[in-house]
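Asks: Our numbering applies: residue 414 is where the sequence shown begins, and numbers increase by one.
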Amino acid sequence: MPSPQRVALFAILLGGALATGPPSSKNCSKICESVSKLYPSEIVFPSSPGFQTVQQSYWNLFQREAAPSCFFQPTTSEHVSKAITQVVQEDCHFSIKGGGHSSNVGASSITGGFQFDLAKLREFKVSDDKKSVTVGPGWRWGELLQQLEPLGVIAVGGRDAGVGVPGFVFGGGLSYYSALYGWGIDNLISTEIVLADGSLVTANQTSHPDLFKALLGGGAHNFGITTALKLELHPYDGMWGGYVLQKGDQIDHIFAAYDKFFHKLQKDQKGHMILDITRVNGSIAAVEFIGYPEPVENPPLYDSIYALSSSANTLRLNNYTDLAAEMAVVTNSRGLRNTYRTLTIEYDAELLREIFDTWAEITEPHAEAITASLDINVITSQMRNRSSRTIKNTYGLGGATNQLIIVMFSLSWDDGAQDTTSHRLVQDLGNAVESLADQVGKLKRFRYMNYAHIEQDVIGSFGESNKKLLKHVARTYDPHGVFQWLQPGGFKLDGQKS
414 MPSPQRVALF AILLGGALAT GPPSSKNCSK ICESVSKLYP SEIVFPSSPG
464 FQTVQQSYWN LFQREAAPSC FFQPTTSEHV SKAITQVVQE DCHFSIKGGG
514 HSSNVGASSI TGGFQFDLAK LREFKVSDDK KSVTVGPGWR WGELLQQLEP
564 LGVIAVGGRD AGVGVPGFVF GGGLSYYSAL YGWGIDNLIS TEIVLADGSL
614 VTANQTSHPD LFKALLGGGA HNFGITTALK LELHPYDGMW GGYVLQKGDQ
664 IDHIFAAYDK FFHKLQKDQK GHMILDITRV NGSIAAVEFI GYPEPVENPP
714 LYDSIYALSS SANTLRLNNY TDLAAEMAVV TNSRGLRNTY RTLTIEYDAE
764 LLREIFDTWA EITEPHAEAI TASLDINVIT SQMRNRSSRT IKNTYGLGGA
814 TNQLIIVMFS LSWDDGAQDT TSHRLVQDLG NAVESLADQV GKLKRFRYMN
864 YAHIEQDVIG SFGESNKKLL KHVARTYDPH GVFQWLQPGG FKLDGQKS
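Below, the structure written as structure tokens:
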């Protein structure tokens, strides 16, 4: 059983106070040795030839630098169950890795602890009626889309081929298909999850519905280890998309074009576009990543974008697999030091331009050492209210019809000497822009988990009633606080830092 001290501290945590920090991990090397006797082919020790290869599978350099006592790569849910039981008995810190694409230090990595690496959980089964697919957490979106497209179906999946399925889904999931079918998490039908006591349960609308409700927004990492996800599938016969690139001297025209797109989207309610503005080596460029979920050439939704003077244009009839692979190449910062921060606002054309001006001013002095990006995504009214099930997600966005904007700041750099500067810079950006939006009454509470910085209170941004629900479910299924305390990474129920 977990230590009495940890149980007491977790009780304080769920009661509303913040603990100052978890107790020291112990005996993790012992657990690695013990599990290796049960499953010798599934443990990777620091002395193993493949250890560095597994480390390099993380997207963010910060996470690659973590050195666990071992990587455990289970091949069945039962193996996960056996391992977590031993980890908990010995009070060993642990972490859970799916695709390993988080921008936050320690989100799916750990130094000195026991690292669950779910890369070998590779179940893939499409239902006979082709309305759902069950997959293991070892899949990435590029390869999963490639399997689904020939069947004439698609999941509400990632826009970047390299992103892992579980992190994308449980972190929310913005997709080219979100305007039609909602967030990625809205398309989760069921999940198998190993709890802290080692039991394997299925959570859906009829089996453990309270846990299922909590998983629809609260992050699987707060409740257990997911070993399979059943996702809704939708008819598919191709897409229109690609990207359009402009130089920074077009910025006035770009924001004017975006304003026209935004207002057309309120009527179209199908298309998707990311506006990504990046400063590289002092020069600003903008790119619109476009995905229209039907094989329609030149959909009029994007007429204002077509009219821009562009340096490159790849728009064409294509498939989702190729579009996801293209984005992975164009936005590639794999193996660099990366950090994100996000906020949500009501749309206002003047405010959006002021956000850009603030971003440009704050990042300019660091242009030679740090690549800075400003990303703009729309939460459509259909996304806010799309879920057709009786159990809705816990984001607290439903019941309203106005479209919202998710703003993300991302920084990438390769020199560790810039770590402190970058951390301060992303904080300054967030604080300045939140203040700007708040002054004009446009700042919204919601923070999108997949774009958030670890210091942001994502769970709190869902609203007090949803936060209380999540904490109640945690007390029910994890009464000793294993996933709040022994697993230090991820966004916790009271917003504490990793």
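Note that CB positions come from ideal geometry on N, CA and C, so glycine has one too.
(1) Nearest-angstrom Cα distance between residue 692 and residue 727?
(2) How many whole angstroms separate the CB atoms of residue 884 and residue 856, which I take to be in contact at a CB cut-off of 8 Å?
(3) Would you say residue 601 and residue 644 are within 9 Å of each other, going by their C-beta atoms?
(4) Could you please give me the residues that DSSP links to residue 624 through a beta bridge?
(5) Out of 654, 585, 649, 656, point me to the one whose CA is closest to residue 628's CA.
(6) Does the beta-carbon of residue 837 have 16 or more other beta-carbons within 10 angstroms, so that it is buried, or is it exposed?
(7) Please name the residue or residues paired with residue 641 in a DSSP beta bridge.
(8) List the DSSP bridge partners of residue 484.
(9) Would the region 445–455 count as touching the region 488–502 if we require 3 or more Cβ pairs under 8 Å?
(10) Using DSSP with H/G/I as helix, E/B as strand and the rest coil, what is residue 833?
(11) Do residue 736 and residue 473 have their C-beta atoms closer together than 9 Å?
(12) Which partner residues of residue 705 appear in the DSSP bridge assignment?
(13) Need the endpoints of the beta strand (DSSP E) that residue 688 sits in, please.
(14) Please list, in chain order, all residues of the same chain as residue 825 whose beta carbon is under 6 Å from its beta carbon, the five residues on each side excluded.
(15) Under a Cβ-count criterion, where at least 16 other Cβ atoms within 10 Å of its own Cβ denotes burial, should residue 517 be classed as buried or exposed?
(16) Please state the DSSP three-state secondary structure of residue 879.
(17) Let me confirm a value: residue 386 is counted as buried when at least 16 other C-beta atoms fall within 10 Å, else exposed. Which label applies?
(18) Could you tell me the distance, in whole angstroms, from the CA atom of residue 552 to the CA atom of residue 536?
(19) How is the beta strand (DSSP E) around residue 537 delimited, first residue to last?
(20) Measuring CA to CA, which of 561, 560, 603, 876 is closest to residue 579?
(21) For residue 797, which three-state DSSP category applies?
(22) Whole angstroms are fine: how far does the CA of residue 904 sit from the CA of residue 630?
(23) By Cβ distance, which residues of its chain are closer than 8 Å to residue 900, with the 5 residues on each side in sequence left out?
(24) Identify which residue in 897, 734, 694, 687 has its Cα closest to the Cα of residue 651.
(25) The alpha helix (DSSP H) spanning residue 442 covers which residue range?
(26) When you compare each of 550, 559, 478, 789 to residue 829 by their alpha carbons, which one comes out closest?
(27) Enumerate in chain order the residues of its own chain whose CB-to-CB distance from residue 484 is below 6 Å, with the five nearest sequence positions on each side excluded.
(28) Considering only DSSP beta bridges, list what residue 699 is partnered with.
(29) Report yes if the CB atom of residue 543 is closer than 9 Å to the CB atom of residue 564, and no otherwise.
(30) Along the chain, which unbroken stretches of the alpha helix (DSSP H) at least 4 residues long are found entirely within the region 713–794?
(31) Between 780, 812, 817, which has its C-alpha nearest residue 791's C-alpha?
(32) In or out: residue 694 buried (at least 16 other Cβ within 10 Å) or exposed?
(33) Taking the alpha-carbon of residue 823 as reference, which of 878, 876, 811, 773 has the nearest alpha-carbon?
(34) Please determine, among 519, 622, 639, the residue with the shortest C-alpha to C-alpha distance to residue 548.
(35) Helix or strand or just coil, what does DSSP make of residue 414?
(36) What does the Cβ neighbour count give for residue 729, buried or exposed, with the cut at 16 atoms within 10 Å?
Replies: Per the coordinate set shown:
(1) 21 Å
(2) Not really, about 25 Å apart at Cβ, beyond 8 Å.
(3) yes
(4) Looking at the DSSP assignment, residue 624 forms no beta bridge with any residue, so it has no partner.
(5) 585
(6) exposed
(7) 605
(8) 457, 528
(9) yes
(10) helix
(11) no
(12) 653
(13) 685–693
(14) 746, 749, 751, 784
(15) buried
(16) helix
(17) It is not possible to answer for residue 386, since the shown part of the chain is limited to 414 through 911.
(18) 9 Å
(19) 537–539
(20) 603
(21) helix
(22) 11 Å
(23) 506, 507, 508, 509, 634
(24) 734
(25) 441–451
(26) 478
(27) 457, 467, 528, 530
(28) 659, 690
(29) yes
(30) 716–719, 733–743, 762–776
(31) 817
(32) exposed
(33) 773
(34) 639
(35) Only weak support exists for where residue 414 lies, its pLDDT of 48 falling under 50; the value from the coordinates is given anyway. Residue 414: coil per DSSP, three-state reduction.
(36) exposed
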